[in-house]
Amino acid sequence: MASPGCPRAAQRVHRVVAGTRSGHRGRSPCVNGSQRALLTRLSAVRQRYSPGVRALVIEHDEHGPAESVGYHLEERGFELEVFLVLEDPDDPVSHKPFPDATGYDALVVTGSPWSLADPDPIGSWIHREVDMVRAAHDAGTPVLGMCFGGQVISQALGGSITRIDRPEFGWCQIEPIDGSPLPTGPWFQWHFDVFTVPDGAVELARNDSGPQAFRIGRSLGTQFHPEVTPRLISNWLDYGTEELAANGVSPQAMLAETVERADAARGRAADLVDWFLTEVAGSP
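Just so we're aligned: the sequence shown equals residues 13 to 296 in the working numbering.
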């Protein structure tokens, strides 16, 4: 059942994390035919990506790590280099110069508490980030953007970001478009904005709020958060719950549901990372 908040139907910061983190082995069964058909190709990921490949992870503040997605990339041989955008965590306008992402084997852009539909409070760094993502995409660097990160990809490639009438919070179902390998979920959501699908992109999933995922070239954008873990949600709730209360969502119920769904969500995130690496990053 969907959560109450769901609609119906600088200089580079070198924080290199190498090796494999244990405790993230669980996999969920695929839920549609397209996903099942990919399993044999997904099994080749560990052979294709040997140690030494690097992924640049863009985090906008200390509350937005790549969590589950980052763990799965590490398990597949990636070293993660994390760039924290804010120079001063108490000043959303502060930032360091963005690194050149074109020299990496993948770029991951995480979520953010700020809005691309109203960029004025975050100053000029968002325009620099959009330029960086566009340059990486144009250079053929595989890009994975989640929630705010998916919106950055959309805007970088000609899409737009708009406010939605009813924000999404919690575990929500999505509807895969014909041929999409994405399962219905539920996937975790926490957003007030939604992206449009850029010209030339393939829409992969949607729900009543709008598009939920698209791919274009070697880039994949999702509106949902495949990276969430109970620890990450707990951190977000520590950061503030006013938005949830204003929309009638119980923080305690949200965290409890996240704990209950953690194993299945971890498996879906692993499948999404594998599909991104084999089918999106590996595309011409």
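All residues carry an ideal CB built from backbone N, CA and C; glycine is no exception.
Within 8 Å, strictly: CB atoms of residue i and residue j
i, j, result
"glutamine 224", "alanine 217", "yes"
"leucine 232", "isoleucine 173", "no"
"valine 155", "leucine 98", "no"
"threonine 208", "glycine 161", "no"
"proline 9", "glycine 152", "Residue 9 cannot be examined here, being either before or after the span of the chain that is shown, 13 to 296."
"valine 261", "phenylalanine 200", "no"
"leucine 92", "glycine 82", "yes"
"leucine 289", "arginine 66", "no"
First and last residue of the uninterrupted alpha helix (DSSP H) at residue i
i, result
"glycine 157", "That residue, glycine 157, is in no alpha helix (DSSP H); its beta strand (DSSP E) goes 155-158."
"glutamine 264", "263-287"
"alanine 258", "254-258"
"aspartate 73", "No alpha helix (DSSP H) holds aspartate 73; DSSP gives it neither H nor E."
"isoleucine 245", "242-251"
"alanine 145", "The question names alanine, but residue 145 in the sequence shown is valine. Looking at the DSSP string, the run of the alpha helix (DSSP H) that includes valine 145 is 137-150."
"histidine 84", "79-87"
8 Å contact criterion, which residue i and residue j should meet: CB distance rounded
i, j, result
"valine 94", "glutamate 79", "Going by Cβ atoms, the distance from valine 94 to glutamate 79 rounds to 12 Å, so no, they are not a contact pair."
Straight-line Cα distance separating residue j from residue i
i, j, result
"asparagine 219", "proline 198", "11 Å"
"tyrosine 251", "arginine 140", "26 Å"
"proline 193", "glutamate 291", "10 Å"
"leucine 54", "glutamine 167", "With a pLDDT of 49 at leucine 54, under the threshold of 50, the predicted position of this residue should be treated as unreliable, and no value is reported."
"isoleucine 228", "histidine 149", "9 Å"
"arginine 39", "valine 285", "Residue placement at arginine 39 cannot be trusted, given a pLDDT of 39 that sits under 50; the coordinates are not used to answer."
"methionine 266", "cysteine 184", "12 Å"
"glycine 294", "alanine 257", "43 Å"
"glutamate 269", "phenylalanine 236", "16 Å"
"glutamate 180", "alanine 276", "20 Å"
"leucine 51", "asparagine 247", "Only weak support exists for where leucine 51 lies, its pLDDT of 46 falling under 50; the coordinates are left without a value."
"threonine 196", "tryptophan 287", "15 Å"
"serine 136", "aspartate 73", "16 Å"
"phenylalanine 110", "glutamate 254", "31 Å"
"threonine 114", "valine 105", "25 Å"
"cysteine 42", "aspartate 190", "Any reading at cysteine 42 needs caution, since the residue's pLDDT is 41, under 50, leaving its predicted position unreliable; the model's value is listed next. Approximately 16 Å, taken between the alpha carbons."
"alanine 147", "alanine 281", "26 Å"
"methionine 144", "methionine 158", "16 Å"
"glycine 134", "aspartate 103", "Just to set this straight, residue 134 is isoleucine in the shown sequence, not glycine. Isoleucine 134 and aspartate 103: Cα-Cα distance of roughly 9 Å."
"arginine 175", "valine 164", "15 Å"
"glutamate 187", "threonine 234", "13 Å"
CA nearest to the CA of residue i, picked from the options
i, options, result
"glutamine 264", "Ala277, Pro242, Pro133", "Pro242"
"glycine 76", "Pro238, Ile176, Arg66", "Pro238"
"glutamate 215", "Phe226, Thr234, Met158", "Phe226"
"leucine 85", "Val69, Asp100, Leu96", "Val69"
"tryptophan 202", "Ser221, Val65, Pro188", "Ser221"
"aspartate 205", "Trp126, Lys108, Glu87", "Trp126"
"aspartate 297", "Asn259, Glu187, Pro296, Gly279", "The displayed coordinates of the chain run from 13 to 296. Any statement about residue 297 would go beyond what the structure contains."
"proline 124", "Asp112, Tyr116, Ile138", "The displayed chain sequence assigns serine, not proline, to residue 124. If we check each option's Cα against that of serine 124, Ile138 comes out closest."
Segment limits, beta strand (DSSP E) that includes residue i
i, result
"aspartate 177", "173-184"
"serine 124", "No beta strand (DSSP E) contains serine 124, which DSSP labels as neither H nor E."
"arginine 227", "222-228"
"aspartate 205", "199-207"
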